[in-house]
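Residue numbers (my numbering): 58 to 573.
For every residue, glycine included, the Cβ atom is placed at its ideal position computed from N, Cα and C.
These notes concern the structure reproduced below.
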Ligand code: NDP
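Below, the structure written as structure tokens:
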């Protein structure tokens, strides 16, 4: 029996959620393509969330005692389980989020790769090591290790309901923490499936990863539940609320927020490749990608060719829910209103080039036509605010320096891309782009490299998931010293002779004083 069938078999379709609580309220998640109900889930209140966190706290002790190897073995069992049931999970992602099955597969494979990396690299990154004690404490041994925080609360969005939360969940678990995950109210079935899969694949540490479902209040209860850290992925406005709630209990936070990512197309760029990447980076997943390309700055030398190439590619794009569709419906109807507002604002002052698929034939209003936005003033909402839809602004700029200045003129700073024929020039632009991540001659690639950290600056948040930094994010650094031999003179004692500090001052003066 598939997990989805098992979930359907229980009345509240909540097989993977914290289901031991009596809760009177439920909510439905629906298929954005058809409006059909995907599942009915409990609205977990503060008591239920606290209970889940307490169970996770108990599980964290056992999970921690398993050590790096024990946890790696279990994380491998989990990724094996996900890999074997990839199609089943992709089908659920397709039904609940709306993205094409192939895109869901891609998302799941990325998540599996991160699980593998996190499990394999936790010991090397976090395990105990000796560090040099230095001259002043030469008679001591010095040790550094990274210890888990206990229980990590994870609050996730709906746009990549597997990949995005797994960026926190996999790394937090590998670091020795238990996790309580609150998925978006738009994708609770995917969250419940992930937790049910964990229970099935890792039965001896089932409570180390649990899911609670509900609306914002359930997330707020998780913030107040005494977790060691709250890893939030979502919009900047909600991020502010989450930080305020976490401040009540001084709970540390990781903030993965929105973006307004830019692509720079330089004079000597491969224009066809840049256009292909810009179209995919902006329109795939209906543009609902935090690291999606929303703005392109193309130099005057390539602008006309680039616009011609992009508009030609965009004309053939078609949204739909069938296997041939390029992207699906907007997962959240209200997001469609934001996209329409941005596009109509541009229509009043600039130019809008749409795809050729007839919107009258779209199944419902959640499907949006792709739109290339030209001659858009930098003050326009389509340039300043996160659009999160199948749109792309293209602006002509003097040169790459002009492009960089405009790319950086945003309160966000998540990611971006540079297309250039010169490696040195591209690397220089990439370094100076104000963002946490930049791809050269491709888009979004950093997300598929587990060793690289993922996160933003400014309104795009702080803290890092993925890579060694992502493992350390869910730990506290612990310092230990051990005296190896006692010295005749102990500097950290009231018994030290006055001459001792004079001698130290002379030695340090000789060593450091010559530096100017
Ligand atoms: P939201 O900010 O609306 O919601 C994110 C999560 O927070 C949801 O689970 C939501 O629950 C929950 N939530 C809402 N209110 C509260 C509250 N007061 N306290 C605690 N939790 C709360 O984001 P979306 O789900 O709409 O996701 C889209 C956003 O996420 C975009 O801005 C996108 O750029 C960003 N994002 C960032 C990524 C990154 O890594 N930087 C990756 C992916 C997306 P509910 O749904 O039940 O309201």
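Integer-rounded CB distance, given that residue j should sit under 8 angstroms from residue i
i           : j           : result
residue 153 : residue 247 : 6 angstroms
residue 492 : residue 513 : 7 angstroms
residue 289 : residue 212 : 5 angstroms
residue 284 : residue 209 : 6 angstroms
residue 374 : residue 427 : 5 angstroms
residue 231 : residue 175 : 4 angstroms
residue 376 : residue 343 : 7 angstroms
residue 447 : residue 384 : 6 angstroms
residue 199 : residue 538 : 5 angstroms
residue 548 : residue 196 : Their Cβ separation, rounded to whole angstroms, is 11 angstroms, which puts residue 548 and residue 196 out of contact at 8 angstroms.
residue 243 : residue 531 : Actually they are not in contact, since the Cβ atoms of residue 243 and residue 531 sit about 26 angstroms apart, beyond 8 angstroms.
residue 356 : residue 454 : 6 angstroms
residue 472 : residue 519 : No, residue 472 and residue 519 are not in contact; Cβ-Cβ is about 14 angstroms, not under 8 angstroms.
residue 435 : residue 463 : 7 angstroms
residue 660 : residue 267 : There is no way to answer for residue 660, as the model of the chain reaches only from 58 to 573.
Beta-bridge partners of residue i, as assigned by DSSP
i           : result
residue 511 : 522
residue 320 : 353, 474
residue 48  : This structure gives no information on residue 48, because the portion of the chain shown stretches from 58 to 573.
residue 139 : Paired residues: none, contrary to the question.
residue 539 : 198
residue 97  : 85
residue 453 : 355
residue 210 : 237, 287
residue 219 : Answer is none; residue 219 lacks a bridge partner.
residue 384 : 376
residue 400 : Answer is none; residue 400 lacks a bridge partner.
residue 558 : Answer is none; residue 558 lacks a bridge partner.
residue 448 : 428
residue 186 : 201
N-terminal and C-terminal residue of the beta strand (DSSP E) that residue i is part of
i           : result
residue 123 : Here residue 123 belongs to no beta strand (DSSP E), and DSSP marks it neither H nor E.
residue 531 : First-last for residue 531: undefined, no H or E at that position.
residue 408 : 408-411
residue 428 : 428-431
residue 344 : It is not in any beta strand (DSSP E) - residue 344 carries neither H nor E in the DSSP assignment.
residue 377 : That residue, residue 377, is in no beta strand (DSSP E); it is neither H nor E in DSSP.
Range covered by the alpha helix (DSSP H) that runs through residue i
i           : result
residue 164 : 158-183
residue 577 : Because residue 577 is not part of the residues shown, which for the chain are 58 to 573, the question remains open.
residue 486 : 480-489
residue 440 : 438-441
residue 256 : 245-258
residue 500 : Looking at the DSSP string, residue 500 is not in any alpha helix (DSSP H), and its letter there is neither H nor E.
residue 372 : 360-372
residue 546 : Residue 546 -> no alpha helix (DSSP H), and no H or E assigned at all.
residue 274 : 273-280
residue 306 : Premise fails: residue 306 is in no alpha helix (DSSP H) and is neither H nor E.
Chain C within 7 angstroms of residue i, Cβ atoms only
i           : result
residue 287 : The chain inventory of the structure shown lacks chain C, comprising one protein chain alone.
| query | Counting Cβ pairs closer than 8 angstroms, one from the stretch 473-483 and one from the stretch 310-325, do we hit at least three? | reply | yes
| said: Using 8 angstroms as the cut-off, can you tell me whether the stretch 522-541 makes contact with the stretch 178-186, which would need three or more C-beta pairs spanning the two stretches below that distance? | reply: yes
| Given 8 angstroms, three or more beta-carbon pairs between the stretch 300-315 and the stretch 327-344 | no
| field | Touch test, the stretch 252-271 against the stretch 550-564, Cβ-Cβ under 8 angstroms, three pairs minimum | value | no
| Counting pairs of beta carbons, one from the stretch 97-111 and one from the stretch 266-285, are three or more of them closer than 8 angstroms? | yes
| request: Examine the Cβ distances between the stretch 294-308 and the stretch 131-139 and report whether three or more of them are shorter than 8 angstroms. | output: no
| said: For the stretch 417-425 against the stretch 261-276, do three or more pairs of beta-carbon atoms, one drawn from each stretch, fall closer than 8 angstroms, so that the two count as touching? | reply: no
| said: Quick check: the stretch 161-173 against the stretch 213-222, are at least 3 beta-carbon pairs closer than 8 angstroms? | reply: yes
| Contact between the stretch 377-396 and the stretch 155-162 (3+ Cβ pairs under 8 angstroms) | yes
| At least 3 beta-carbon pairs within less than 8 angstroms: the stretch 389-399 vs the stretch 435-450 | yes
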